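Numbered according to UniProt numbering, the sequence shown spans residues 1 to 606. Before any comments, here is the structure.
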Amino acid sequence: MKKLFLLFNKLYRKKVLFSIILLSIALIFGIYGNYKIYGDFFKSITTTLSYFGLNSPDKVNWEVLVSFILIVIVIFLGTIVLVLRNKMDVFLMKNSLKDKNIVLFGFGEINKNFLENFKDSNREENIIVVDKEDKNFDEFWEKGYVFLKKEINEELLNLFDFENTIDIIVALGNDRINIDTALKLLDKLKDIKTETKLIVHIDDSDIGEIFFEKMEEIKQIENKNVLVNIKVFSLKTEIVDDLFDKYVFKLVPYEYARLNGDKSELKIAILGNSDLNLEIIKRIFINFVFPNNLKIKLFLIDENEKEFLEKVKYETNFSNQKYPHIILQSKKLTYDLLKDKRFWLQDDLIDVIIAFDDEDKNLKIAIDLFEKVFVHQEKKNLKYPNLFFAMFDELSFSDYIDKNKNHFKNFFTFGNLKEILSVENLLDDEKFEIAMKIHSSWDKEKDIKKAWYSTSLSNRLSSIAQYEHIPLKLLSLGFGISKDDENDEVEKYENIIQKIKRENIGFEEFLQSGDYFALCNTEHRRWMAYHFINNWEYDDFEGKDKQEKEYKKSLKLHHCLTDFKNFKYDSVKKTFSYDFNAYEYIPEYLKGKYKVVKVSKENESE
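This is how it looks when you write it as C-alpha cells:
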C-alpha cells in the first residue's frame, strides 16, 4: 500500500509537468494531422483546440487520433486526480492510524522544522499532517507522509481514531486556535486506552494559563484519568531549556553552589529587555536556590533599564520576602558601559547573558565586549565571565564557535531553532518519565502511572519543575549527572545523604538541624519560588479538610507558602521530610536514564 501511495504521490506532484508534456504532444500531433487533412494552418489550430471540449474529430488520420486520445487521457486523469485526491488522503490517513503514528496539526515553521528533523532520523512512526495549505510539502511526499488539506473542525476530527497515536503536535500559528484545537482533541482522547502526548504551542504564557484552567475543568467534569501527557511550549521556553540543559554547570560553578561554601554572592549580567530574557530570569528565580544561602545578583541592562526592571518585578510578583535569594539592579546600556572594565571584570560576575530579539545585536555586543574588555584576559589566560548569547538561526556560526574554543573559550551560543524544534527535543519523554517518579514519591497512590494521570495538572507541572532542579541539587553536594560511560558515583552520593539525614526529629529540632535543614529549606524555597512565579499566594489555613484544601488550590492559595519558621499547624510541620526526599530519592528518579557523577575538574576550578 505504501508503495502504491508513493507512486500516486509522484504522479500527483508531477501532474502539471506531466500534463504539459502530454498536451504539447497532443497539440503538435493535432495541428500537424489536421493540416494534412485541411491544408489550412488556422483551421488545423481551431479544430485541434475543439478537442478540449471533447468534440470528436470529423476526419481522422493517425496523428489526429493520437492527439484526441492524449487530450482525453489528460482530461480524464485530471478529473480522477481531483476527485480521488481527497478520498485517497483520507483512506491513507486511516490506514496510517492503524500503526504507531504522529499527527501534526499545522504546517508552519514549527512543524516544518520538526519534519525536516524527523525525515533524517531513524524514527519509523507514520506521519499525518493536517492543514488547509500544503505548499512546500513536496519533499515530504517522498517519505510517504500523509497530508490532509482540510479545515480543522469537528467533522475532520471525527475521521480520526487516536488509539495508536503516540504524539500530537498542535502548532497552527495562533494561540487561541491552538487552544481550541487542543481542547477538541482532548474531548476525543479522553476515552483512549493508550498513552498519548499532546504537545501544544502557546506563545503567550497568560493564554497558556487559560488553557490549563480549561483542562482542569474538563478533568473535573469527566472525573476520569485521561491518559494524556500535556506539554505546552513556546519558542521562548524551549530556548530557555536549551540554555539551562546545555550550560547549567557553566552558569553556576561548584565553588558557588556547594553546601557550606564560603561564597556569598553570584552576579549575572542580563542584557536585553526581551520576553526571552524574562523567561530566563524566571528560571533563575526558581532554580538558583542553594543550601549555602547564596545571593543571586542580577544586573538588568537595557537602553530602557527602568522599564526592564519594572517588567521583571511585575511578571515575577517580586518582593524580597518571596525571593530572599534574589537582588535586582538595573543599568542603562551605553557605549561607556560596554567598555567599562571595572564593571565587567568585577568579583563574582560569572555570567553575561545577551538575549535581545535581534540575534545580530546579540552577536555584535558579544564581540564588542570581547574586543574591548576581555581580549586581554583571554590572551593572558586570566579569568573573565562566560558570555552566553542567543543565536536563533546561525547554526554554522554556532558550530564555528563550538569548534574553536581556543579562540572563544568563554563564548557559548544557545537558542538555535533547528535544534530546539528537533524530534528529540519536542517529543522528549524523559522529562515526563522522571516527573512521574517524583510525583509518585509523595502521592499515596503508589502505582506511578495511575498517580500521575489522576493528579491535577498543577501537580504535574510542579513535579516537572522539581525535575529541572535536580542538576543543581547534585551540584551543591559535589555531583553532576551524565549519560556518558563515566563511573557511577551514586553510592558516594547516597552515603553523603545518609550522613546528613535526620530521622524521628521534632519540628523545633529540625529548625536547628544544620545541613539537614539547609537541604530541606533549599527545596522548600525552590518550591515556593515556582509557585510565586505562577501567581500563587500564602493563605493561613490548616489544610486538614480536603474539600477546603482543593478549593483553596483552585484559587491558587496554599498554606505552605511561607518560611518554615512561620509554620503554625502540626499537620504542616510534618511536611519537611518531603523536602528532604527531593534529595534522597534522586538516584531512584534518575535510574536507567542518567548516572550520578562527581563534579568535573573544569567546574571545580571555575
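Glycine included, every Cβ here is placed at the ideal spot set by N, Cα and C. These figures come from a predicted structure and were not determined experimentally.
Through-space distance from residue j to residue i, alpha-carbon basis
{"i": "TYR516", "j": "LEU259", "result": "11 Å"}
{"i": "GLU116", "j": "ILE128", "result": "14 Å"}
{"i": "GLY480", "j": "ILE500", "result": "19 Å"}
{"i": "PHE432", "j": "ASN229", "result": "8 Å"}
{"i": "ASP351", "j": "ASP393", "result": "23 Å"}
{"i": "GLU305", "j": "ASP336", "result": "15 Å"}
{"i": "PHE414", "j": "ASP563", "result": "35 Å"}
{"i": "PHE576", "j": "LYS565", "result": "11 Å"}
{"i": "ILE448", "j": "MET436", "result": "6 Å"}
{"i": "LEU27", "j": "TYR51", "result": "10 Å"}
{"i": "GLU491", "j": "LEU511", "result": "28 Å"}
{"i": "LYS297", "j": "ASN381", "result": "26 Å"}
{"i": "PHE567", "j": "LYS573", "result": "6 Å"}
{"i": "GLU424", "j": "LYS246", "result": "14 Å"}
{"i": "LYS43", "j": "PHE118", "result": "56 Å"}
{"i": "THR79", "j": "VAL72", "result": "11 Å"}
Beta-carbon proximity check, residue i vs residue j, cutoff 7 Å
{"i": "ASP539", "j": "LYS549", "result": "no"}
{"i": "ILE280", "j": "VAL240", "result": "yes"}
{"i": "SER463", "j": "ILE496", "result": "no"}
{"i": "LEU333", "j": "ASP302", "result": "yes"}
{"i": "LEU349", "j": "SER330", "result": "no"}
{"i": "SER96", "j": "ASN136", "result": "no"}
{"i": "residue 644", "j": "TYR32", "result": "Any answer about residue 644 is impossible in this case: the structure gives the chain only from 1 up to 606."}
{"i": "VAL596", "j": "TYR453", "result": "no"}
{"i": "VAL226", "j": "GLY208", "result": "no"}
{"i": "ILE327", "j": "LEU300", "result": "no"}
{"i": "ILE434", "j": "ILE586", "result": "no"}
{"i": "LEU148", "j": "VAL74", "result": "no"}
{"i": "THR196", "j": "LEU189", "result": "yes"}
{"i": "TRP344", "j": "VAL375", "result": "no"}
{"i": "THR194", "j": "GLU238", "result": "no"}
{"i": "ALA465", "j": "TYR530", "result": "yes"}
{"i": "ASP175", "j": "ASP206", "result": "no"}
{"i": "ASN410", "j": "ALA390", "result": "no"}
{"i": "ASP275", "j": "ILE420", "result": "no"}
As assigned by DSSP and simplified to three states, the class of residue i
{"i": "ILE152", "result": "coil"}
{"i": "GLU606", "result": "Per-residue confidence for GLU606 stands at a pLDDT of 40, beneath the threshold of 50, marking its modelled position as unreliable; no derived number is given."}
{"i": "TYR538", "result": "strand"}
{"i": "LEU276", "result": "helix"}
{"i": "GLY53", "result": "helix"}
{"i": "LEU271", "result": "strand"}
{"i": "ASP484", "result": "coil"}
{"i": "LYS598", "result": "strand"}
{"i": "HIS524", "result": "helix"}
{"i": "ASP393", "result": "coil"}
{"i": "ILE326", "result": "strand"}
{"i": "ASP545", "result": "coil"}
{"i": "HIS559", "result": "coil"}
{"i": "LYS100", "result": "coil"}
{"i": "LEU77", "result": "helix"}
Other residues of its chain near residue i: CB distance less than 8 Å, five sequence neighbours each side excluded
{"i": "LYS214", "result": "ILE179 and LEU183"}
Where residue i falls, given that 16 or more other Cβ within 10 Å makes a residue buried
{"i": "SER605", "result": "Its pLDDT being 40, under 50, SER605 is placed unreliably in this model, and the value from its coordinates should be taken loosely. SER605 is exposed by the Cβ-count criterion."}
{"i": "ARG342", "result": "exposed"}
{"i": "GLY53", "result": "exposed"}
{"i": "VAL312", "result": "buried"}
{"i": "ASN521", "result": "buried"}
{"i": "SER121", "result": "exposed"}
{"i": "ARG526", "result": "buried"}
{"i": "SER441", "result": "buried"}
{"i": "PHE41", "result": "exposed"}
{"i": "PHE76", "result": "exposed"}
{"i": "ASN153", "result": "exposed"}
{"i": "residue 607", "result": "Missing from the structure shown is residue 607; the chain here goes from 1 to 606 and no further."}
Beta-carbon contacts of residue i that lie in its chain and below 7 Å, excluding the five residues immediately before and after
{"i": "LYS556", "result": "ASN535, TRP536 and GLU537"}
{"i": "GLU445", "result": "ALA451 and SER454"}
{"i": "LEU426", "result": "PHE114, ILE169 and ILE199"}
{"i": "ILE45", "result": "ILE31"}
{"i": "THR181", "result": "PHE105, ILE152, VAL170 and LEU172"}
Other residues of its chain near residue i: CB distance less than 6 Å, five sequence neighbours each side excluded
{"i": "GLY106", "result": "ASP131, ALA171 and LEU172"}
{"i": "residue 694", "result": "Past the boundaries of the shown model lies residue 694; the chain is included only from 1 to 606, so the question cannot be answered."}
{"i": "ILE365", "result": "ILE354"}
{"i": "TYR578", "result": "TRP442"}
{"i": "MET528", "result": "LEU561"}
{"i": "LEU104", "result": "ASN111, VAL129 and ILE169"}
{"i": "PHE288", "result": "ILE296"}
Beta carbon proximity, residue i to chain C, threshold 7 Å
{"i": "LYS100", "result": "Among the chains of the structure shown, chain C does not appear; only one protein chain is present."}
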